[in-house]
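**Student:** Sequential numbering of the sequence shown, starting at 49, is according to this note's numbering.
For reference, the structure I am asking about is given below.
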Amino acid sequence: MSQNNNDPIKTICPYCGVGCGIGVATDDDSSEMHFRPWGDAPVNSGRICIKGGAATEVVNHEDRLTDPLIKENGGFKKVSWEKAYEYIISELERIHEEHGPDGMGFFGSSKTMNEENYLLQKLARRYGTNQVDNCTRMCHASTVWALRRSLGAGAMTNSMADLAEEADVLWIHGANPAEQHPIANSQYFRQAALDGATVIQVDPHANKTTRSFEIEDTDRHMHLQVEPGTDIALLNAVIKTILEHHEKNPEDNWIDEDFIEDRTEGFEDLKRTLADFDREAAAETCGIDLSDIEEAAEVYAQAGNAAIFTGMGMSQHTSGVDNVQNEINLALITGNIGRPGTGINPLRGQNNVQGTCDVGTMPNVLPGYQEVDDDEARESVESVWGFDIPPEPGLTNVEISHSIGDSVFGLYVMGENPLMSEPDSNAARQRFDEDLEFMVVQDIFMTETAELADVVLPATSWAERGGTVTNTDRRVQLMRPVEKVYDNTKHDLDILSEIGTRLFDDGFDFDGPEEVFEELREVCPIYHGMTYDTLSEEGLQWPCYEPGDEGDQYLYEKEFDTDNGKGYIEGVRHQPPAETPDKEYPLILTTARLEEHYNTGTMSRRSPTLNRQHPENFVDIHPKDAERYGIENGQTVQLRSRRGSIEVTAQVTDAIKEGVIWTTPHFAASSANRLTNDILDDRAKIPEYKAAAAEIDVDIDTSSSTETADD
Ligand SMILES: Nc1nc2c(c(=O)[nH]1)N[C@H]1C(S)=C(S)[C@@H](COP(=O)(O)OP(=O)(O)OC[C@H]3O[C@@H](n4cnc5c(=O)[nH]c(N)nc54)[C@H](O)[C@@H]3O)O[C@H]1N2
Ligand SMILES: Nc1nc2c(c(=O)[nH]1)N[C@H]1C(S)=C(S)[C@@H](COP(=O)(O)OP(=O)(O)OC[C@H]3O[C@@H](n4cnc5c(=O)[nH]c(N)nc54)[C@H](O)[C@@H]3O)O[C@H]1N2
Ligand code: SF4
Ligand SMILES: [Mo]
Numbered sequence: 049m050s051q052n053n054n055d056p057i058k059t060i061c062p063y064c065g066v067g068c069g070i071g072v073a074t075d076d077d078s079s080e081m082h083f084r085p086w087g088d089a090p091v092n093s094g095r096i097c098i099k100g101g102a103a104t105e106v107v108n109h110e111d112r113l114t115d116p117l118i119k120e121n122g123g124f125k126k127v128s129w130e131k132a133y134e135y136i137i138s139e140l141e142r143i144h145e146e147h148g149p150d151g152m153g154f155f156g157s158s159k160t161m162n163e164e165n166y167l168l169q170k171l172a173r174r175y176g177t178n179q180v181d182n183c184t185r186m187c188h189a190s191t192v193w194a195l196r197r198s199l200g201a202g203a204m205t206n207s208m209a210d211l212a213e214e215a216d217v218l219w220i221h222g223a224n225p226a227e228q229h230p231i232a233n234s235q236y237f238r239q240a241a242l243d244g245a246t247v248i249q250v251d252p253h254a255n256k257t258t259r260s261f262e263i264e265d266t267d268r269h270m271h272l273q274v275e276p277g278t279d280i281a282l283l284n285a286v287i288k289t290i291l292e293h294h295e296k297n298p299e300d301n302w303i304d305e306d307f308i309e310d311r312t313e314g315f316e317d318l319k320r321t322l323a324d325f326d327r328e329a330a331a332e333t334c335g336i337d338l339s340d341i342e343e344a345a346e347v348y349a350q351a352g353n354a355a356i357f358t359g360m361g362m363s364q365h366t367s368g369v370d371n372v373q374n375e376i377n378l379a380l381i382t383g384n385i386g387r388p389g390t391g392i393n394p395l396r397g398q399n400n401v402q403g404t405c406d407v408g409t410m411p412n413v414l415p416g417y418q419e420v421d422d423d424e425a426r427e428s429v430e431s432v433w434g435f436d437i438p439p440e441p442g443l444t445n446v447e448i449s450h451s452i453g454d455s456v457f458g459l460y461v462m463g464e465n466p467l468m469s470e471p472d473s474n475a476a477r478q479r480f481d482e483d484l485e486f487m488v489v490q491d492i493f494m495t496e497t498a499e500l501a502d503v504v505l506p507a508t509s510w511a512e513r514g515g516t517v518t519n520t521d522r523r524v525q526l527m528r529p530v531e532k533v534y535d536n537t538k539h540d541l542d543i544l545s546e547i548g549t550r551l552f553d554d555g556f557d558f559d560g561p562e563e564v565f566e567e568l569r570e571v572c573p574i575y576h577g578m579t580y581d582t583l584s585e586e587g588l589q590w591p592c593y594e595p596g597d598e599g600d601q602y603l604y605e606k607e608f609d610t611d612n613g614k615g616y617i618e619g620v621r622h623q624p625p626a627e628t629p630d631k632e633y634p635l636i637l638t639t640a641r642l643e644e645h646y647n648t649g650t651m652s653r654r655s656p657t658l659n660r661q662h663p664e665n666f667v668d669i670h671p672k673d674a675e676r677y678g679i680e681n682g683q684t685v686q687l688r689s690r691r692g693s694i695e696v697t698a699q700v701t702d703a704i705k706e707g708v709i710w711t712t713p714h715f716a717a718s719s720a721n722r723l724t725n726d727i728l729d730d731r732a733k734i735p736e737y738k739a740a741a742a743e744i745d746v747d748i749d750t751s752s753s754t755e756t757a758d759d
């Protein structure tokens with residue numbers, strides 16, 4: 049299919065979960081792809097951020113994987129697809145025979161389509177294991193856990209559009225939407241602020257989000273610069289302030305007694321938990337003046353409609369589930385849920401992380417979040433699939449990695465880069481390198497993980513194939529193929545279909561993504577009412593149980609999706625991060641993202657427009673800490689934790705709180721994950737990326753170092 053500049057194909061940006069529509073056109077002469085605006089795209093009305101505009105740069109990139117590769121004598125050799133498939137099948141069969149089905153782990157990809165992830169998790173389950181997971185485990189797993197348990201669905205309760213129009217208060221907690229969800233911030237949240245909404249931001253770091261709400265002639269913006277890992281203490285102080293005020297001034301209605309009575313359970317437990325709660329001590333723990341906490345509590349409690357946005361600063365902690373539960377507590381006691389402009393709104397990360405979870409790419413749930421250990425749910429899916437599904441939930445992806453050499457011996461990795469994205473990556477590298485018997489990596493580039501693989505399969509990229517993706521406000525949208533770039537690459541769907549069909553006689557032979565979607569609808573109740581036809585204009589926001597359902601802009605208007613229809617309140621207590629500063633490691637390290645880089649950087653480091661802004665990693669250090677260490681702005685320093693060290697440039701700035709250092713996971717040699725702690729939240733199994741103890745070394749010999757050169 050050849051297109052010219054006047055005839056762009058409408059598809060969806062491959063970077064973040066906002067789900068902006070973009071146009072792509074092919075240059076007639078060079079056959080290069082270029083961005084074109086899609087003026088009336090449903091989410092973004094034609095606006096895009098720097099990443100959306102640069103997204104085609106990775107499609108035509110010269111580093112693209114172009115042929116299947118097999119590891120031979122420490123290097124890679126090009127082979128035919130036939131040879132690669134034969135090798136994969138024989139190794140999958142060998143591992144099954146020698147170690148059983150749980151000897152394999154399967155990593156799905158939030159960079160790929162719903163149909164592709166659906167097929168991958170079906171393949172894992174047909175193989176006999178529920179050990180299939182995706183990057184949400186490192187991302188919003190704790191949020192999803194708390195939301196599913198206490199409200200019903202692991203997704204945003206509201207939508208960007210109703211939030212922009214109806215919210216009087218935006219409480220942005222541990223999220224930096226101006227950089228990580230730029231169009232959500234500029235088109236929706238900042239618009240709400242310009243129209244009069246007050247913004248409360250809770251983050252140890254001042255960033256572009258902070259600046260974007262410093263609107264002239266208003267003081268409707270508060271930035272609470274919390275100490276990393278103390279968000280429960282902060283929210284408990286907020287909740288206690290609201291409870292105490294209500295006791296003395298019930299006529300102010302700071303809490304919504306009717307809502308609590310009719311629609312929730314557990315309020316007494318919250319009151320008991322906070323009975324002896326000391327607000328002064330909590331303020332000290334989180335490093336914020338009590339008067340600021342009281343002001344934030346008042347603003348939230350008095351709002352007509354108040355919405356909470358929750359990001360990685362909340363989810364990526366050993367207390368991640370409880371962090372989000374406390375946001376739920378705040379929303380439920382004030383009745384800020386079930387209406388436009390309210391709710392708990394995780395800004396989902398990757399372009400298709402919502403969908404990847406929706407279609408069952410997780411070890412505990414089947415498509416549509418049906419529990420794998422629920423006999424009825426399993427049987428209903430089995431009746432469509434025609435094979436038995438193992439009834440026990442599998443290990444999560446970081447647990448799979450931790451079990452390499454123990455119970456896991458093979459990995460199938462589609463579109464993830466765990467050797468950079470997992471915490472404590474030096475240890476992960478050792479396990480992958482020494483204890484893994486077999487690994488397939490299916491990617492568009494030779495990643496740090498692919499370098500250790502036995503087979504590398506070249507996939508087509510986002511602009512070359514069709515399928516559906518689901519954005520942060522549950523909108524399922526069609527991606528449309530523009531044109532294939534490298535002849536010998538294959539669509540992820542076709543690769544999985546080939547492998548499935550070779551391993552098993554039936555169940556994997558599909559004629560394109562629409563046919564897969566038709567089967568997905570059969571087993572995924574929240575998608576059941578959708579078809580490619582009904583998705584083609586603006587997409588649909590799930591749930592769509594029956595054909596003709598128009599989807600929901602916001603959830604829980606009348607009841608929650610829990611067993612008894614009630615929202616679940618539960619008091620939680622501050623638990624410090626697993627690692628806190630001590631004499632040897634006196635600083636708290638936290639890690640987060642940059643606007644122009646993306647996750648493990650496989651795409652953004654190769655995109656000239658994006659890489660130009662920050663070609664190297666850096667660390668933000670408070671001026672007082674810099675003075676104590678004798679560090680000057682721009683100096684190379686070594687950051688060290690119990691697990692490793694990296695060399696980075698020091699950026700001396702009061703954007704970060706004193707005693708805290710802030711760096712990123714985007715660069716290979718200097719990735720924050722050489723330092724991070726791989727301890728997990730015990731329920732959601734999310735790693736604590738946002739708090740580790742660290743030290744800075746200033747007197748380092750940079751001349752002999754190989755650690756600073758990033759690829
Ligand atoms: N440009 C760009 N956009 C992206 C991505 C990207 O890599 N680059 N990745 C995508 C993905 S996968 C995701 S999940 C989203 C993530 O988007 P966000 O949720 O915004 O993620 P982060 O930038 O990791 O962290 C958010 C904020 O948490 C703060 N923080 C750190 N520790 C704490 C703490 O203990 N408490 C509190 N309250 N805050 C803390 C950090 O300073 C940071 O500003 O972005 C998506 N969009
Ligand atoms: N220190 C620290 N570490 C973190 C985080 C943090 O905040 N701090 N955040 C965590 C979070 S939120 C996340 S989501 C994870 C992300 O962790 P990963 O998912 O491992 O990271 P990505 O870089 O997004 O990897 C996506 C891969 O998919 C490939 N890809 C792109 N398009 C396609 C395609 O069409 N087909 C195929 N087959 N492959 C494709 C890309 O080249 C890339 O290698 O990182 C986590 N790691
Ligand atoms: S906001 Fe997200 S989806 Fe929209 S253009 Fe930017 S990266 Fe792409
Ligand atoms: Mo993420």
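Each residue gets a CB set at the ideal place from its N, CA and C atoms; glycine is no exception.
Three-state secondary structure (DSSP) at Tyr602?
**Tutor:** coil
**Student:** Take every Cβ of the segment 81-88, pair it with every Cβ of the segment 535-543, and state whether three or more of those distances are shorter than 8 Å.
**Tutor:** no
**Student:** Count the other CB atoms, across all protein chains shown, that sit within 10 Å of the CB of Arg569; report buried if there are 16 or more and exposed otherwise.
**Tutor:** buried
**Student:** Using a Cβ-Cβ cutoff of less than 6 Å, which residues in the same chain neighbour Cys64 once the five nearest sequence positions on both sides are dropped?
**Tutor:** His229
**Student:** Exposed or buried, Gly123, counting other C-beta atoms within 10 Å across all chains shown (16 or more means buried)?
**Tutor:** exposed
**Student:** So is Leu242 buried or exposed if we call it buried at 16+ other beta carbons inside 10 Å?
**Tutor:** exposed
**Student:** Excluding the five sequence neighbours on either side, which residues of its own chain have a C-beta within less than 6 Å of the C-beta of Ser622, listed in chain order?
**Tutor:** According to the sequence provided, residue 622 is His. The question's Ser does not apply to it. Result list for His622: Ile280, Ala281, in chain order.
**Student:** Taking the alpha helix (DSSP H) that Leu140 falls in, what are its first and last residues?
**Tutor:** 129-147 is the span of the alpha helix (DSSP H), which, as asked, contains Leu140.
**Student:** Leu322 and Lys288 - do their beta-carbons sit closer together than 8 Å?
**Tutor:** yes
**Student:** Could you check what DSSP says for Asn178 in three-state terms: helix, strand or coil?
**Tutor:** coil
**Student:** List the residues that DSSP assigns as beta-bridge partners of Ser689.
**Tutor:** Gly692
**Student:** Are Arg526 and Tyr580 close, meaning C-beta to C-beta below 8 Å?
**Tutor:** Note that residue 526 is Leu in the sequence shown, not Arg. Yes.
**Student:** Sorted by chain position, which residues of the same chain lie with C-beta nearer than 7 Å to Ala344's C-beta, five sequence neighbours on each side aside?
**Tutor:** Excluding sequence positions up to five before and after Ala344, its CB lies within less than 7 Å of the CB of Ile248, Met270, Leu272, Val286, all in the same chain and listed in chain order.
**Student:** Per DSSP, Phe154 forms a beta bridge with which residues?
**Tutor:** Val180, Tyr460
**Student:** Does DSSP classify Val420 as helix, strand or coil?
**Tutor:** coil
**Student:** Might you give, ordered along the chain, the residues of its own chain that have their beta carbon closer than 7 Å to the beta carbon of Val780, omitting 5 neighbours on each side?
**Tutor:** The structure shown does not extend to residue 780, since the chain is modelled only from 49 through 759, so no value can be given for it.
**Student:** Is it buried or exposed, Thr266, if we count other Cβ atoms within 10 angstroms and call 16 or more buried?
**Tutor:** exposed
**Student:** Counting pairs of beta carbons, one from the segment 624-636 and one from the segment 738-751, are three or more of them closer than 8 Å?
**Tutor:** Contact between the segment 624-636 and the segment 738-751 is present, because at least three Cβ pairs lie under 8 Å.
**Student:** Would the beta-carbon of Leu395 be found less than 7 Å away from any heavy atom of ligand 1?
**Tutor:** Answer for Leu395: yes, Cβ within range of ligand 1.
**Student:** Report yes or no: do the segment 176-185 and the segment 558-566 share at least 3 C-beta pairs separated by less than 8 Å?
**Tutor:** no
**Student:** According to DSSP, is Thr754 part of a helix, a strand, or is it coil?
**Tutor:** Legend: pLDDT at Thr754 = 44, less than 50; position of this residue unreliable, no value from coordinates given.
**Student:** Based on the DSSP output, what are the partners of Ile704 in its beta bridges?
**Tutor:** His253
**Student:** Whose CA, out of Ala732, Leu723, Ala703, lies closest to the CA of Pro252?
**Tutor:** Ala703
**Student:** Opposite Phe666 in the DSSP bridges: which residues?
**Tutor:** Thr697
**Student:** Mind checking who Cys64 pairs with in its DSSP beta bridge?
**Tutor:** Gln398
**Student:** Taking 7 Å as the line, does the beta carbon of Gln228 fall inside it for any heavy atom of ligand 1?
**Tutor:** yes
**Student:** Can we say the segment 660-667 touches the segment 102-110, given the rule of at least three CB pairs closer than 8 Å?
**Tutor:** No, because fewer than three Cβ pairs between the segment 660-667 and the segment 102-110 fall closer than 8 Å, the two stretches do not touch.
**Student:** Buried or exposed: where does Gln239 fall if 16 or more other Cβ atoms within 10 Å of its Cβ makes it buried?
**Tutor:** exposed
**Student:** Buried or exposed: which applies to Lys159, given that a residue is buried once 16 or more other Cβ atoms fall within 10 Å of its Cβ?
**Tutor:** buried
**Student:** To the nearest whole angstrom, what separates the beta carbons of Glu643 and Ile98, a pair I think is in contact under 8 Å?
**Tutor:** 7 Å
**Student:** Regarding Gln364 and ligand 4, is the C-beta to nearest heavy atom distance less than 7 Å?
**Tutor:** no
**Student:** Can you list, in chain order, the residues of its chain whose CB lies under 6 Å from that of Leu207, leaving out five sequence neighbours each side?
**Tutor:** Note on identity: in this sequence residue 207 is Ser, with Leu being the wrong assignment. Only Asp521, Gln601 meet the Cβ criterion.
**Student:** Under three-state DSSP, which class holds Ala73?
**Tutor:** strand
**Student:** By how many angstroms is the C-alpha of Val620 removed from the C-alpha of Ile385?
**Tutor:** 20 Å
**Student:** What would DSSP say about Lys288, mapped onto helix, strand or coil?
**Tutor:** helix
**Student:** Going straight from the alpha carbon of Thr582 to that of Gly156, what length do you get?
**Tutor:** 26 Å
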